[in-house]
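Numbered according to the working numbering, the sequence shown terminates at residue 797, and the numbering increases by one at each position without gaps. The beta-carbon is built from N, C-alpha and C at its ideal position, and this holds for glycine as well. These figures come from a predicted structure and were not determined experimentally.
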Amino acid sequence: MSTETFEFQVEARQLLQLMIHSVYSNKDVFLRELVSNASDALDKLRLEKLWDDSLDADVSDLHIEIDVDKDARTLTVRDNGIGMSYDEVGRLIGTIANSGTAKFLQELKEAKDAAGEEGLIGQFGVGFYSGFMVADEVTLLTRRAGESRGTRWTSRGEGTYTLETVDDAPQGTSVTLHLKPADPENQLHDYTSPWKIKEIIKRYSDFITWPVRMMPEATPVAAADESSEDGEGGKAPEPETLNSMKALWARSRDEVSDDEYHELYKHIAHDWRDPLETIRLQAEGTFEYQALLFLPAHAPHDLFTRDFQRGVQLYVKRVFIMDDCEALLPPYLRFVKGVVDAADLSLNVSREILQQDRHIELMRRRLTKKVLSTVKEMKTKDQERYDTFWREFGTVLKEGLVTDPENRDAVLAVASFASTHHDTEPTTLKQYVERMKDGQEDIYYLTGESRQSIENSPHMEAFRDRGIEVLLLTDAVDEVWADAVGEYEGKKLRSVAKGRIDLGAEDEDTPDADREKRTEEYAGLLGWMKEQLDGDVKDVRLSSRLTVSPACVVSDAHDLTPALENMYRAMGQEVPRAKRILELNPDHQLVKGLNQAYKEREDRTELADTAELLHGLAVLAEGGQPKEPARFVKLMADRLERAL
Ligand code: ADP
154 MSTETFEFQV EARQLLQLMI HSVYSNKDVF LRELVSNASD ALDKLRLEKL
204 WDDSLDADVS DLHIEIDVDK DARTLTVRDN GIGMSYDEVG RLIGTIANSG
254 TAKFLQELKE AKDAAGEEGL IGQFGVGFYS GFMVADEVTL LTRRAGESRG
304 TRWTSRGEGT YTLETVDDAP QGTSVTLHLK PADPENQLHD YTSPWKIKEI
354 IKRYSDFITW PVRMMPEATP VAAADESSED GEGGKAPEPE TLNSMKALWA
404 RSRDEVSDDE YHELYKHIAH DWRDPLETIR LQAEGTFEYQ ALLFLPAHAP
454 HDLFTRDFQR GVQLYVKRVF IMDDCEALLP PYLRFVKGVV DAADLSLNVS
504 REILQQDRHI ELMRRRLTKK VLSTVKEMKT KDQERYDTFW REFGTVLKEG
554 LVTDPENRDA VLAVASFAST HHDTEPTTLK QYVERMKDGQ EDIYYLTGES
604 RQSIENSPHM EAFRDRGIEV LLLTDAVDEV WADAVGEYEG KKLRSVAKGR
654 IDLGAEDEDT PDADREKRTE EYAGLLGWMK EQLDGDVKDV RLSSRLTVSP
704 ACVVSDAHDL TPALENMYRA MGQEVPRAKR ILELNPDHQL VKGLNQAYKE
754 REDRTELADT AELLHGLAVL AEGGQPKEPA RFVKLMADRL ERAL
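Here's what the structure looks like:
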């Protein structure tokens, strides 16, 4: 058979370089990765056979086998699972499909030191490639179940790999690592030592549900026996099973160490880091199930992409049924990883059936509540951990305020927000309400791109002046949930950039004499400006929001804000552009002067330009863009020139 040589995809090559020159100190984990892949391959074969009985594959003794050869310095991890076709090997092993990887590599380039690098590498499961941390050449021999010929893949990890079709490959995959020369300084990391292998399997892969076997260390006699197959000279040694195969979720809490839970998490989540929280749930009764869920410590890079794989693993009576079972948790908990093992489901259950199953629905509700109550507990008992959680997943969880009215209160109870009350410490709505000033009826918030841009927005001026707290919301979802939730403990949630704002002294219901006088004074100007700006604004009125700026634009109480409009458009929905309202600050010299000039002058051409400029400035101040930027700049430049 001819051997063909291929080049690794760019990202794959970069990752490999990293592995070869790895700064990652815990190299032992390569074995965990290989065993984890083998275990997945066995799961896949068992399922495929279940669906298609005619598949020509032997599933009678599915297992993983580890062989070490001290003299040749090789280590082989073999499974008799699903295997890969020739094309699959090239696609799965020669490229990196994970969309987060490019970002990861970029961050890595920017990491200044080894510690930073190690931290980053730890964030990404590099799976199969991690073998290159300990080996200078890797060979993979595989045959897909049901196919007659196999494929051999070989690489030294340096830019190219070779592929070759082979006739006599056993079903499944074996990965052989040609280990780097022994380090006499570091006997602890001798991967030809059966003791070392046992230790690593016990530590990282004990829960794997398939047996991981290894031959006891070959004695010289046994080695000589290899040629005479049926070994008259003595009994062939029995392979030893290294893992206990016990499903952690079926064992009681005190039988399992935190480390064991963490290793299961890493296997399931393809994460190299410990989870933030482990959640156990055992449901008894008519519909029995056990769940072991994990809150990761870091949000994955693709959490907000459309094809993010959500869901937990589903088992039925210890037998793996499917990955990413999305029916078991709502989309806003898509970051939760784990296992759910149900006693009374059919092994043939499909995703479609699960979506409609009443028991599954009940499970989802219970699991959702359990996750939320765990977060709440974390918040009361371990603020630091909660802070990490909220930083990583708060944005996703807030989606639940919109999509899951049943648990809205539970989500609100654990939600926290940046606020003008404190520069760095976020607040809950409860704390906000406790701090509300006498006479303050509403909970105020403002949305925007960043804390800084919100704080500098003209809408904030009167609030700052009067020391009224405002929530500073910067996530796209914030406007949507604030709208959907509407109120908290009887207090309305109000955007300071929407509708009329009347802060006590100028309550609409009791207009004072001053206010009336002013309105009269400005009535002419306001009406005229509205005409001038017709098409751009729906109204021009006096503001009680402003103390420093001359003008600002606000949305009508029930209109979409520009940010929301943009969001809907980004999602491909047609929404009409809502006209805004221009508010003027009657205490500002520019506005006063404009009013004066309006009253005195016959020819108002100049003033029309001023009105347009004022509107443009208000739009700019909230981070928007004047309708015709070039025209705005020209008008502005003319004015400045004349002012010289
Ligand atoms: P990951 O396991 O995170 O997907 P890997 O680089 O470890 O990344 O593996 C890439 C893919 O190669 C796997 O998703 C799987 O499809 C395939 N693969 C790896 N090892 C095996 C194996 N032992 N048997 C069958 N397929 C495998």
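heavy atom of the ligand ADP below 7 Å from residue i C-beta
i, result
"H423", "yes"
"G243", "no"
"G280", "yes"
"N190", "yes"
"T326", "yes"
"G284", "no"
"G491", "no"
"A165", "no"
"M237", "yes"
"A194", "yes"
"Q186", "For the record, residue 186 in the displayed sequence is Glu; it is not Gln. Correct: E186 has its Cβ closer than 7 Å to the ligand ADP."
"G234", "yes"
"I354", "no"
"I246", "yes"
Beta-carbon proximity list for residue i, same chain, < 7 Å, skipping 5 on both sides
i, result
"F542", "L429, L448, V528, M531"
"E661", "A caution first: E661 carries a pLDDT of 46, below 50, which makes its placement in the model too unreliable to give a value."
"A375", "Low per-residue confidence applies at A375: pLDDT is 48, beneath 50, and the placement is therefore not dependable, though the value from the model is reported in the following sentence. Closer than 7 Å at Cβ, skipping near neighbours: P390."
"A377", "Because A377 carries a pLDDT of 48, less than 50, the predicted location of this residue cannot be relied on, and the following value inherits that uncertainty. Closer than 7 Å at Cβ, skipping near neighbours: no residue."
"E614", "R698, L699, T700, V701, S702"
"S696", "C705, E736, L737, N738"
"G312", "E160, F161, R166"
"T580", "S569, F570, S572, H574"
"Q324", "A210, D211, N233, G236, R296, A298"
"L479", "For clarity, residue 479 is Glu in the given sequence; the question names Leu instead. R463, G464, listed in sequence order."
Beta-carbon spacing of residue i, residue j below 8 Å
i, j, result
"Q162", "L258", "no"
"S708", "N738", "no"
"V630", "T548", "yes"
"H342", "K470", "no"
"Y485", "L582", "no"
"Y585", "L646", "no"
"N501", "L203", "yes"
"L797", "L747", "no"
"Y282", "L169", "yes"
"R544", "A571", "no"
"N361", "S192", "The sequence given here has Ile at residue 361, not Asn. Yes, Cβ-Cβ distance for I361 and S192 is below 8 Å."
"T714", "E640", "no"
"A288", "K223", "no"
"M172", "G280", "no"
"E413", "D359", "yes"
"I432", "K523", "yes"
"L520", "A563", "no"
"D442", "A496", "Note that residue 442 corresponds to Tyr in the displayed sequence, not to Asp. Yes, these two residues count as a Cβ contact at 8 Å."
"P566", "K651", "The sequence shown places Ala at residue 566, not Pro. Cβ distance not < 8 Å, so A566 and K651 don't count as in contact."
"A783", "L686", "no"
Presumed contact (8 Å Cβ cut-off) between residue i and residue j, rounded CB distance
i, j, result
"I219", "T229", "7 Å"
"D194", "T326", "Before going further, note that residue 194 is Ala rather than Asp in the sequence given. Yes, A194 and T326 are in contact; Cβ-Cβ is about 6 Å, under 8 Å."
"L434", "L401", "13 Å between Cβ atoms; not a contact."
"L261", "G234", "Going by Cβ atoms, the distance from L261 to G234 rounds to 32 Å, so no, they are not a contact pair."
"L554", "W681", "Not a contact, Cβ separation roughly 43 Å."
"T600", "A676", "Not a contact, Cβ separation roughly 32 Å."
"F546", "D196", "With a Cβ gap of about 28 Å, F546 and D196 do not count as contacting."
"D424", "Y418", "7 Å"
Close-in-space but distant-in-sequence residues of the same chain around residue i (CB under 6 Å, 5 per side omitted)
i, result
"L293", "W306, V328"
"M475", "L467"
"D618", "T700"
"A568", "none"
"T533", "none"
"T248", "Q162, A165"
"R487", "R463"
"V242", "T304, W306"
Contacts around residue i, its chain only, beta-carbon distance under 8 Å, and the 5 residues preceding and following it disregarded
i, result
"S238", "R297, E300, T304"
"V706", "V690, R733, I734, L735, E736, H768, A771, V772, E775, G777"
"T663", "With a pLDDT of 46 at T663, under the threshold of 50, the predicted position of this residue should be treated as unreliable, though the coordinate-derived value follows. For T663, where only same-chain residues beyond five positions count, there are no Cβ hits under 8 Å."
"P611", "R698, L699, V701, S702, A704, C705, A771, A774, E775"
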